[in-house]
Every structure is written in C-alpha cells, then in structure tokens.
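Worksheet for the structure shown next.
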Amino acid sequence: MAEEGSKKAEAETEPGPSSVAKPPEEEHAPVKEEKEPVHEDPAKEKVLNPVDQKVADPVTEEKSGDPVGRDAVFARVESEKKLALIKAWEDNEKAKADNRAYKRFSAIASWENSKKALVDVQLKKYEEKMERKKAEYAERMKNKISEIHKAAEEKRAMIEARRGEDVFKVEETAEKFRAAGYTPWKFLGCFSA
1 MAEEGSKKAE AETEPGPSSV AKPPEEEHAP VKEEKEPVHE DPAKEKVLNP VDQKVADPVT
61 EEKSGDPVGR DAVFARVESE KKLALIKAWE DNEKAKADNR AYKRFSAIAS WENSKKALVD
121 VQLKKYEEKM ERKKAEYAER MKNKISEIHK AAEEKRAMIE ARRGEDVFKV EETAEKFRAA
181 GYTPWKFLGC FSA
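Residue 70 in UniProt numbering sits at position 70 of the sequence shown, with consecutive numbering throughout.
This is the structure in structure tokens:
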C-alpha cells in the first residue's frame, strides 16, 4: 500500500500526458498501446489511466466563470435560435406560397381543359350541323339536277314527237304530190316568179 501511495504522489507531481497539451502532429499519430498492470480497484485505474481523463479547454474554463462571457454566449444562442425560427418561418411561408401557386396553376389548367373541351364539343356540333346542311344541300342539288334532266327528257320527247309529226306530214304531202304529179311550189320558190 505504501508503494501505491508513492506511485500516486509521483503521478501527481510529474506532468503526465493529460496535463500537457499535445502538438497537432502527435494528436493524429497512431496511438501505441502499452500494457499497464491491471488494478483491482477501478477508481485507482481511472486515476492512473490518462486516456480516460478529460482535458479541460482553457478558453472554456475562463468564459464559463465569467458572467459577461456567459451572457454573450446566451445572447449568441438566443440570436441563433431567433435566426433559426426566422429561417423556419421563411421556409414555411415559401412552401405555402408554392402550394398556393400550384393550386392556382392546377385550377387554371382544369379551367383551360374544360373550356377547350366545351369549344371542341361546340365545334363538333357545328361540323355535324354543317355536314347535315351539306348533305341536305347536296340532296337538293341532286333533286334539281334530276328535275332538270327530267324536264330535258320531256322536251326532247316533245321535240321528237313533233319531228315525227312533221316527218309524217311531209311524207303525206309528198305522196299527194306524187299521186297528183304536182311539184311543190315552196321547194322551188326561188325559181317561181
């Protein structure tokens, strides 16, 4: 036990790795493991094991005891908190604005689609109406054409009948002239005086 007490005293008087700040090169260097004797008491092991001990930051220690420094830290935390709240509010309002714009865009798109559909229906109705009118007009024109053709056939038949009558009259008159031996005077009218 006396040996342990002397070791304790040596450990407290000698500057160990926990009380001396390491240069930056040594901090990143690989750690060499040294086997230490296993102690039965874990409290003693913590005192002797420098890895488990926390190195105190001298700047933090100075500020933590100073009320002005603490107030500055609190003021900085408060301002960061306010800035974070403002940023969250800003993001929330931007999201709301985006959602409103999206809703309005979708409303305009649906309105446009419904109006286009209505115009397409009206156009199809108009086209159907025009097709019906066109068909009716074509039917009327065909009827007119057939009436004209019928009238022309009737006129042709009348002319043919009249020509047949005229030919029959001429043949009859020619028979009379042959029977009588008489020369028609209209035929040679230019020679008669």
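Yeah, the Cβ is synthetic: ideal placement off N, Cα and C, and Gly gets one too.
Helix, strand or coil for THR183? Go by DSSP, reduced to three states.
Sequence index remark: in the sequence shown, residue 183 carries index 183 (1-based). Coil.
If you draw a straight line from the C-alpha of ARG162 to the C-alpha of LYS155, how long is it?
Position 162 of the sequence shown, counting from 1, holds the residue named residue 162. Position 155 of the sequence shown, counting from 1, holds the residue named residue 155. Approximately 10 Å between the Cα atoms of the pair.
CA-CA distance, GLU139 and GLU112?
Working through the sequence shown from its first residue, we reach residue 139 at position 139. Working through the sequence shown from its first residue, we reach residue 112 at position 112. If I take the Cα positions, the gap works out to 40 Å.
Whole angstroms is fine: what's the gap from LYS127's alpha carbon to ILE159's?
Along the sequence shown, one-based indexing puts residue 127 at 127. Along the sequence shown, one-based indexing puts residue 159 at 159. Looking at the sequence shown, residue 127 is not Lys but Glu. Between GLU127 and ILE159, the C-alpha separation is close to 47 Å.
Straight-line Cα distance separating LEU123 from LYS133
Position 133 of the sequence shown, counting from 1, holds the residue named residue 133. Position 123 of the sequence shown, counting from 1, holds the residue named residue 123. Taking the straight line joining both Cα atoms gives about 15 Å.
Whole angstroms are fine: how far does the CA of ALA135 sit from the CA of GLY164?
Against the sequence shown, residue 164 aligns to sequence position 164. Against the sequence shown, residue 135 aligns to sequence position 135. Taking the straight line joining both Cα atoms gives about 42 Å.
Does DSSP classify ASP91 as helix, strand or coil?
Translated into the one-based positions of the sequence shown, residue 91 becomes position 91. Here ASP91 sits in helix by DSSP.
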